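So the structure is just underneath, and the comments pick up after that.
See below:
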């Protein structure tokens, strides 16, 4: 199952290429911008499809962990994620909007799950009284949650930004 | 921590850090030495088990987060590639469309 939650080497290579071309194009390399345009057009839908697939499978794993073995809770969470996807993506989303929506939804699920797991652990440890958690552990755990939360807010901002700029292009 | 025996009688010492040095601090002899030694050993085993549990928990959290973070990175790269390909560039953290000459 682990393989299903990972992007293929091919997709990773393509991402590295897109990143390098974007860097060069932003630095003013016109040829790089031309190549980037072609590559975006050629690979966008496929990459979006693959990444969205991995994202959805990851959502399912997160929902299953959050549900703690309760199938009804797991289904309810998955339904909630579908609803969020539909609401956030809106009508007739572009492939990029689909992926950015998946990113927002997955990160929401991740931050929610991390909060639930961490809060549950604090409650258990407080109940057991003497078993205290080590400071490095608490710090590392907070870092993981903080990093996910930061990315979640960045994902919302990015989707809004792309929509705004796409709107500008359509109207301009 | 060391449990030493002299003339068949146990003497227990704890190792205590004092700056750069480690000092041996006398705890007790006889029954007290035996009980203190066992208590410390239990504490140490408990601490080791707790650290092991914490490590496993962190690995689990990181494994849960990894695929989402990877998809998130792909989305970020692709969004940027789309914008840059469409003629935008980042200026003070905001994307702007390049002026046409």
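Residue numbers (the working numbering), protein chains in the order written: chain A, 179 to 350; chain B, 9 to 109.
The beta carbon of each residue, even a glycine, is placed where N, CA and C say it ideally should be.
Treat the numbers as computed from the prediction; the structure is a model and nothing was measured.
- With a threshold of 7 Å between beta carbons, residue 278 of chain A makes contact with chain B.
- Segment contact: the stretch 84–102 of chain B against the stretch 194–201 of chain A, three or more CB-CB distances shorter than 8 Å; contact assigned.
- The beta carbon of residue 46 of chain B sits no closer than 7 Å to any beta carbon of chain A.
- The C-alpha of residue 49 of chain B lies about 11 Å from the C-alpha of residue 42 of chain B.
- Flagged as an interface residue toward chain A: residue 83 of chain B, by a C-beta distance shorter than 7 Å.
- Per DSSP, the unbroken alpha helix (DSSP H) holding residue 48 of chain B starts and ends at 39–93.
- Identification of residues in the stretch 82–102 of chain B having a C-beta nearer than 9 Å to some C-beta of chain A yields 82, 83, 84, 85, 86, 87, 88, 89, 90, 91, 92, 93, 94, 95, 96, 97, 98, 102, given in sequence order.
- No residue range can be given for residue 312 of chain A, since it is assigned to no alpha helix (DSSP H) and is classified by DSSP as neither H nor E.
- Taken through DSSP and simplified to helix, strand or coil, residue 298 of chain A comes out as helix.
- Counting only the Cα atoms, residue 51 of chain B lies some 20 Å from residue 18 of chain B.
- In this structure the stretch 286–298 of chain A does not lie against the stretch 93–107 of chain B, because fewer than three pairs of beta carbons, one per stretch, are closer than 8 Å.
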